[in-house]
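Colleague: Be aware that the sequence shown starts at 138, since it is given in the numbering used here, and climbs by one per residue.
Here a beta-carbon is modelled for each residue, glycine too, at the ideal position from N, C-alpha and C.
This structure is a prediction, so every number in the text was calculated from the model and none was measured.
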Amino acid sequence: SSYFPHFGEEDCLRGWRGSGTIFFARCNLRCVFCQNFDISQQDAGHEVTPQRLAEMMLELQEMGCHNINWVTPEHVVPQILEALPHAIEGGLRLPIVYNTSAFDSLHSLKLMEGIVDIYMPDFKYWDPEKAKRYLKTPKYPETARTAIKEMHRQVGDLTFDEQGLAVRGLLVRHLVMPDGLDDTREIMRWLAREISPHTYINVMGQYHPSGKVNEKRYPELNRRIRAEELKEGFRAARKAGLYRFDTRRPLSFR
């Protein structure tokens, strides 16, 4: 769909020259509140060859980006794997970020073993009924748990270089949702218990109504979260035993 140095990612990814983000059109989820609805659920993209995809990665490296960040790549894994040899032959040497909804098949993830340096899943909902209503599949929570376990098996906890940039490991995102704190608590407990108490977590508070959400459709989601809800999300993470949080600093350039 598009590619560019992205300065809206976590500090450890964007650094001071940006994360080399490639947005793939379409998505294997149908989140009703998607904030990239035009990319994920409408035909906003264009087809490129494996050679052109490789060129995009190399162009982002030439721009000075700190990593290559594939956004929603699960449904195009074979095409990415076809492009990678061309990129490597062209001199690609940056860490690879796999930026995903966590609705990934084990088969796709195993194909990525030894290729992906940083997995960045967004664990959305714990409750299958909420997943069915808002993501359009009740299988999401179980699939996400299985996928995140495999991601952590491959790359372990997140590690950084001497400049504070992520080089390898798992970074989990969680968007706090309106009236969604029960899911938040369960997800944080599970991460601490089943993945690692050292899991690097970004508890996010930027939810706003978008996609198909309005006062008539999904009215319960038709508001921003309250400050207290975000604070409770962090409290839930700390109570579960998590302590490695993404904290934003003012963006500076070198």
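Residues in the same chain with beta-carbon distance under 6 Å from Arg-377, minus the five sequence neighbours each way, listed in chain order, please.
Modeller: According to the sequence shown, residue 377 is Ala rather than Arg. Met-325, Arg-326 and Ala-329, listed in sequence order.
Colleague: Run the CB neighbour count on Gln-291, radius 10 Å, all protein chains shown included, and call it buried at 16 or more, exposed below.
Modeller: Gln-291 is buried by the Cβ-count criterion.
Colleague: Can you name the residues that DSSP bridges to Leu-303?
Modeller: Sequence inspection shows Ala at residue 303; the Leu mentioned does not correspond to that position. Phe-297.
Colleague: Relative to the alpha-carbon of Cys-202, which residue among Gly-228, Pro-210, Asp-259 and Pro-142 has its alpha-carbon at the smallest distance?
Modeller: Pro-142
Colleague: Report buried or exposed for Lys-273, applying the criterion of at least 16 other Cβ atoms within 10 angstroms of its Cβ.
Modeller: exposed
Colleague: With distances taken Cα to Cα, identify the nearest neighbour of Met-257 among Leu-308, His-212, Asp-319 and His-223.
Modeller: Leu-308
Colleague: Indicate whether the contact test is met: 3 or more Cβ pairs, each with one atom in the segment 249–269 and one in the segment 312–326, closer than 8 Å.
Modeller: yes
Colleague: When DSSP labels each residue in this structure, what does Phe-161 get in the three-state scheme?
Modeller: coil
Colleague: Taking the continuous alpha helix (DSSP H) assigned at Val-234, which residues delimit it?
Modeller: Here Val-234 belongs to no alpha helix (DSSP H); instead the beta strand (DSSP E) covers 233–237.
Colleague: Could you check which residue in Phe-160, Pro-215 and Asn-165 has the C-alpha nearest to that of Lys-276?
Modeller: Asn-165
Colleague: Using a 10 Å radius around the Cβ and a threshold of 16 neighbouring Cβ atoms, would you call His-183 buried or exposed?
Modeller: exposed
Colleague: So which of Ala-268, Leu-243, Tyr-271 and Asn-204 has the shortest CA-CA distance to Val-234?
Modeller: Asn-204
Colleague: Taking just the CA atoms, how far does Glu-211 sit from Arg-361?
Modeller: 29 Å
Colleague: Roughly how many whole angstroms lie between the Cα atoms of Leu-248 and Glu-352?
Modeller: 42 Å
Colleague: Which first and last residues belong to the alpha helix (DSSP H) in which Phe-144 is found?
Modeller: No alpha helix (DSSP H) contains Phe-144, which DSSP labels as neither H nor E.
Colleague: Which same chain residues, not among the five before or five after Pro-346, have their C-beta less than 8 Å away from its C-beta?
Modeller: Phe-170, Leu-358, Asn-359, Arg-360 and Arg-361
Colleague: Which value, in whole angstroms, describes the spacing of the CA atoms of Ala-224 and Leu-231?
Modeller: 11 Å
Colleague: Comparing C-alpha positions only, which one of Val-340, Arg-305 and Ile-159 sits nearest to Gly-293?
Modeller: Arg-305
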